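As given, the protein sequences belong to chains A and B, one line each in that order. According to my numbering, the first sequence holds residues 1 to 351 in order. According to my numbering, the second sequence holds residues 1001 to 1351 in order. Don't be surprised by glycine CBs; every beta carbon is placed ideally from N, CA and C. Computed from a predicted model, the values in this text were never measured in an experiment. Below: the structure, in structure tokens.
2 protein chains.
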Amino acid sequence: MEFDNTSDTNLAELGEFGLIKHLTQHIELYQSSTIKGVGDDAAIIFNEDLQTVISTDILIEGVHFDLTYVPLRHLGYKSVIVNLSDIYAMNAQPKQILVSIALSNRFKLEAIEELYSGMLAACKKYKVDLVGGDTTSSLSGLVISITAIGGVKKEDITYRNGAKESNLLCVSGDLGGAYMGLQILEREKSVFKENPKLQPDLEGKDYLLERQLKPEARKDIIDTLNSIGIKPTAMIDVSDGLSSEILHLCSQSEVGVELYEEKIPIDSLTYETAREFNLDPTLCSLSGGEDYELLFTVDISEYEKLKNSMDITIIGHITDKAKGYNMISKSGTVHELKAQGWNSLLKKIRK
Amino acid sequence: MEFDNTSDTNLAELGEFGLIKHLTQHIELYQSSTIKGVGDDAAIIFNEDLQTVISTDILIEGVHFDLTYVPLRHLGYKSVIVNLSDIYAMNAQPKQILVSIALSNRFKLEAIEELYSGMLAACKKYKVDLVGGDTTSSLSGLVISITAIGGVKKEDITYRNGAKESNLLCVSGDLGGAYMGLQILEREKSVFKENPKLQPDLEGKDYLLERQLKPEARKDIIDTLNSIGIKPTAMIDVSDGLSSEILHLCSQSEVGVELYEEKIPIDSLTYETAREFNLDPTLCSLSGGEDYELLFTVDISEYEKLKNSMDITIIGHITDKAKGYNMISKSGTVHELKAQGWNSLLKKIRK
Chain A
1 MEFDNTSDTN LAELGEFGLI KHLTQHIELY QSSTIKGVGD DAAIIFNEDL
51 QTVISTDILI EGVHFDLTYV PLRHLGYKSV IVNLSDIYAM NAQPKQILVS
101 IALSNRFKLE AIEELYSGML AACKKYKVDL VGGDTTSSLS GLVISITAIG
151 GVKKEDITYR NGAKESNLLC VSGDLGGAYM GLQILEREKS VFKENPKLQP
201 DLEGKDYLLE RQLKPEARKD IIDTLNSIGI KPTAMIDVSD GLSSEILHLC
251 SQSEVGVELY EEKIPIDSLT YETAREFNLD PTLCSLSGGE DYELLFTVDI
301 SEYEKLKNSM DITIIGHITD KAKGYNMISK SGTVHELKAQ GWNSLLKKIR
351 K
Chain B
1001 MEFDNTSDTN LAELGEFGLI KHLTQHIELY QSSTIKGVGD DAAIIFNEDL
1051 QTVISTDILI EGVHFDLTYV PLRHLGYKSV IVNLSDIYAM NAQPKQILVS
1101 IALSNRFKLE AIEELYSGML AACKKYKVDL VGGDTTSSLS GLVISITAIG
1151 GVKKEDITYR NGAKESNLLC VSGDLGGAYM GLQILEREKS VFKENPKLQP
1201 DLEGKDYLLE RQLKPEARKD IIDTLNSIGI KPTAMIDVSD GLSSEILHLC
1251 SQSEVGVELY EEKIPIDSLT YETAREFNLD PTLCSLSGGE DYELLFTVDI
1301 SEYEKLKNSM DITIIGHITD KAKGYNMISK SGTVHELKAQ GWNSLLKKIR
1351 K
């Protein structure tokens, strides 16, 4: 998005319609299913013989993000990614988004342009059309609500409830990194509060910061599985932490699970940093959220196709429901797997 | 929605997933196009040969509603209606909604149940399916973000940009009532602040309060037009005030307009109450928002079909663009029609 020569433009001067016009002037459309984008009472989409997949997420300042260390452009990017991830988790391709934002008058036009430029960068990368939304004022913080829309052939949809006994449990990428990125940012924020002259110590932590601030959605995994001819029996994206997602998938599929601790993919930097913070790396991957990886199950007959796939790890297998939800630890002991959202994590994770 | 025997249940005890499960247990589905509702990463919709219409609105406590006088059940109902209205304005039928809410811990489970019961009442009345959403915490106020999805045959869609010279300009129902309802509620709030022992004086104002607190979307108008064989050339819903909507419709259609002040439908109670408040009734209808009526244009050849239609008023006609946007006042003088959103209205409307 280009910038005008307006400096610190007041949103009140521009008005709601002026703001919308200003922000939407650089929108490009990539999808033939977009019949009508912004500018009417509603957007029009035509997916022909595909089924329409639709998901929504709301992000609240102070709850989901902290503007003291999150750049607005990254926030815009991430807020789109979070929603696209849900569409990929249905084995569908995202095609459109609607974006609603509520903002107080402490935001200048330039700040909103930054936010939008991040959203449009994500749209460009994933070839998704921004087709509508709502812009309004807020009395305090920034609120971002995004709805993502995708298309998928009926026979390709992967629900959460299709996992079967003896299926392999797989996850893409590595886990716990976004959570450790958050820990670093929170630490530097505290340091800065105590002594504003100190520069933040983020050296060598780029990977973790990127996992937290600028995550990607795993379109590549969906495309890979498709190209090697694997359709997962069940799939979910990892937004709340591995254990919570495994439990969702298994309870909806009415099956049990055996997860192998030693198989959980944890990047070495995540591991070292967890140790530095006196945290258990496994617990960070089980309960730390926001990794936006894909967790899925496949028939055991797919093992040969899968075993050499880049960036997919087999971490366990599905069992009979009666066996329950278990993690086999590195030492061989069996632990019951429990859900633990990342909100309650900070208190419990410290050893 | 039925109530449990839990009294003042704390949301923290229930947790996000518990809350979602609790709230969604009473959802009924009415639409065959709903393939998968709540419970997975995304909802699945299949509109077959219909095009999919989609719109979103965000409502912020303190900006769009004031919980000191808005009952939560009405708020839930209205927040759905606002979105359905956008779908009808495309000449489409709404079929699904997604609901995101962010709320602080000052809300008890019972309060959220009230809000949801209003949403589900609107869903039931309009036969719309609640298929997904997001529930999260907020640091301060209540935030409601709703996305509505509908279906329409390609040839039936009415955009804002189809108005042609000599078309008749029509509006459903009457205007300014929701705005006067708001004035009454605001007045009683001020009185209550000064003297909490005084009972609010709302007698005889039921119609205006209902227009503000529990509006309806004009499905009946869409159905009537369809049954008498009229397809509007352009249509928009009246959410921001008549003048602002006329300007949207005319600027997008690249036409001018002549609006007749004496034709603007204003209910007698709205008229009297405006006078009581020392406000100009015409200005209240032009600039007062939230009426959720439909403003549309039709070919002049449809006049015979239209002239006896219940609850539709011809208020003007479309002219050449060069003639501009004009209102012919009751005394015959010509005024340029200007946009004036209802946010800025309070300051300017007082005579």
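### Task
Report all residues from its chain with a CB closer than 6 angstroms to the CB of B/D1267; omit the five preceding and five following residues, and keep chain order.
Cβ neighbours of B/D1267 beyond the five flanking positions: D1174, G1177.
### Query
Helix, strand or coil for B/Y1325 per DSSP?
Secondary structure at B/Y1325: strand, using DSSP grouped into helix, strand and coil.
### Message
Let's test the definition: count the other Cβ atoms within 10 Å of the Cβ of B/Y1303 and tell me whether it reaches 16, buried, or not, exposed.
### Response
B/Y1303 comes out exposed.
### Message
Rounding to the nearest angstrom, what Cα-Cα distance links B/R1187 and B/L1075 in this structure?
### Response
Approximately 19 angstroms between the Cα atoms of the pair.
### Message
Does chain B have any CB closer than 7 angstroms to the CB of A/A122?
### Response
Output row for A/A122: interface = no.
#### Entry: Exposed unless 16 or more other CB atoms sit within 10 angstroms - verdict on B/Q1334
One point to set straight first is that residue 1334 of chain B is Val, not Gln, in the sequence displayed. By the 10 Å Cβ count, B/V1334 comes out exposed.
#### Entry: Assigned exposure category for A/S285 - 16 Cβ within 10 Å defines buried
Classified as buried, A/S285 has 16 or more neighbouring CB atoms from the shown chains inside 10 Å of its CB.
### Query
DSSP state of B/G1151, grouped into three classes?
In the structure shown, B/G1151 adopts extended strand secondary structure according to DSSP, grouped into three states.
### Query
For a contact meaning CB atoms closer than 8 angstroms, what does B/Y1159 contact in chain A?
Here the neighbours are K36, D40.
### Message
Rounded to whole angstroms, what is the Cα-Cα separation between B/Y1260 and A/V131?
### Response
Distance from the CA atom of B/Y1260 to the CA atom of A/V131, rounded to whole angstroms, is 35 angstroms.
### Query
If you pair each beta-carbon of the region 1207–1217 of chain B with each one of the region 1304–1313 of chain B, do three or more pairs fall below 8 angstroms?
Note that the region 1207–1217 of chain B does not touch the region 1304–1313 of chain B; fewer than 3 beta-carbon pairs, one per stretch, sit closer than 8 angstroms.
### Task
Quickly, what does DSSP pair A/Q93 with across the bridge? List them, please.
DSSP lists A/G151 as partners of A/Q93.
### Task
Determine the burial state of A/C170: buried for a count of at least 16 other Cβ atoms within 10 Å of its Cβ, exposed for fewer.
Around the beta carbon of A/C170, a 10 Å sphere encloses 16 or more other beta carbons of the protein chains shown; the residue is thus reported as buried.
### Query
Does the distance from the C-beta atom of B/G1141 to that of B/E1061 stay below 7 angstroms?
Between B/G1141 and B/E1061, the C-beta gap is smaller than 7 angstroms, which places the two residues in contact.
### Task
Evaluate A/R275 with the Cβ neighbour count: other Cβ atoms within 10 Å of its Cβ, from every protein chain shown; 16 or more gives buried, anything less gives exposed.
By the neighbour-count definition (other C-beta atoms within 10 Å, threshold 16), A/R275 is an exposed residue.
### Task
Specify whether the region 235–255 of chain A and the region 1056–1071 of chain B touch according to this definition: at least 3 beta carbon pairs, one from each stretch, less than 8 angstroms apart.
With contact defined as three or more Cβ pairs closer than 8 angstroms, the region 235–255 of chain A and the region 1056–1071 of chain B are not in contact.
#### Entry: Those residues which DSSP pairs with B/D1129 across a bridge
By DSSP's assignment, B/D1129 forms a beta bridge with B/Q1096.
### Task
Output yes if chain A places a C-beta closer than 7 angstroms to the C-beta of B/A1234; else output no.
Output row for B/A1234: interface = no.
### Message
What does the alpha-carbon distance come out to for the pair B/R1153 and B/S1145?
### Response
Per the sequence presented here, residue 1153 of chain B reads as Lys, with Arg not at that position. B/K1153 and B/S1145 have their C-alpha atoms roughly 27 angstroms apart.
### Message
Using the Cβ count rule (16 or more neighbours within 10 Å means buried), how would you classify A/G289?
### Response
A/G289 is buried by the Cβ-count criterion.
### Short Cβ contact (7 angstroms threshold) for A/A121 with A/Y77
Yes, the pair counts as a contact, with Cβ atoms nearer than the cut-off.
### Query
Is the region 215–224 of chain A close to the region 319–331 of chain A, with three or more CB pairs under 8 angstroms?
Cβ pair count under 8 angstroms is below three, so no.
### Task
With DSSP collapsed to three states, give me the class of A/S331.
A/S331 falls in the coil class under three-state DSSP.
### Task
Compare the C-beta of B/I1044 against all C-beta atoms of chain A and say whether one is closer than 7 angstroms.
With a threshold of 7 angstroms between beta carbons, B/I1044 makes contact with chain A.
### Query
Leaving out the 5 sequence neighbours to the left and right, which residues in its chain are closer than 8 angstroms to A/V128 when beta-carbon positions are compared?
Cβ within range, chain order: Y30, Q31, V80, L84, P94, K95, Q96, I97, A122, A148.
### Query
Counting contacts by CB-CB distance shorter than 7 angstroms, is B/A1089 in contact with chain A?
Interface residue, yes.
### Task
For B/S1344, I'd like the list of residues in its chain whose CB is within less than 8 angstroms of its CB, leaving aside the five on either flank, ordered along the chain.
Bear in mind that the predicted position of B/S1344 carries a pLDDT of just 43, short of 50, making it unreliable; the figure below should be weighed with that in mind. None.
### Message
Looking at the secondary structure, which residues open and close the alpha helix (DSSP H) in which B/T1273 lies?
### Response
Counted as a single uninterrupted DSSP element, the alpha helix (DSSP H) harbouring B/T1273 occupies residues 1268–1276.
### Query
So, is A/G133 buried or exposed, given that buried needs 16 or more other C-beta atoms within 10 angstroms?
Using a 10 angstroms sphere on the CB of A/G133, the tally of other CB atoms reaches 16 or more, which defines it as buried.
### Query
For the alpha helix (DSSP H) that A/T282 lies in, which residues bound it at each end?
It spans 281–287 - the alpha helix (DSSP H) in which A/T282 sits, taken as one unbroken run.
#### Entry: Buried or exposed (CB count within 10 angstroms, at least 16 for buried), B/D951
The first residue shown for chain B is 1001 and the last is 1351, placing residue 951 of chain B beyond what the model contains.
### Task
Starting from the Cα of B/G1039, find the closest Cα among A/E28, A/M90, A/E48, A/V63 and give me that residue.
It is A/M90 whose Cα lies nearest to the Cα of B/G1039.
### Query
Which of the three DSSP states, helix, strand or coil, is assigned to A/A122?
A/A122 falls in the helix class under three-state DSSP.
### Task
Could you spell out the range, first to last residue, of the alpha helix (DSSP H) harbouring B/Q1183?
Element bounds for B/Q1183: 1177–1194.
### Query
Less than 7 angstroms separating the beta-carbons of A/Y69 and A/K189?
In contact: A/Y69 and A/K189 (Cβ atoms closer than 7 angstroms).
### Query
What residues in the region 1102–1134 of chain B have a beta carbon less than 8 angstroms from any beta carbon of chain A?
Cβ contacts with chain A: A1102, V1131, G1132, G1133, D1134.
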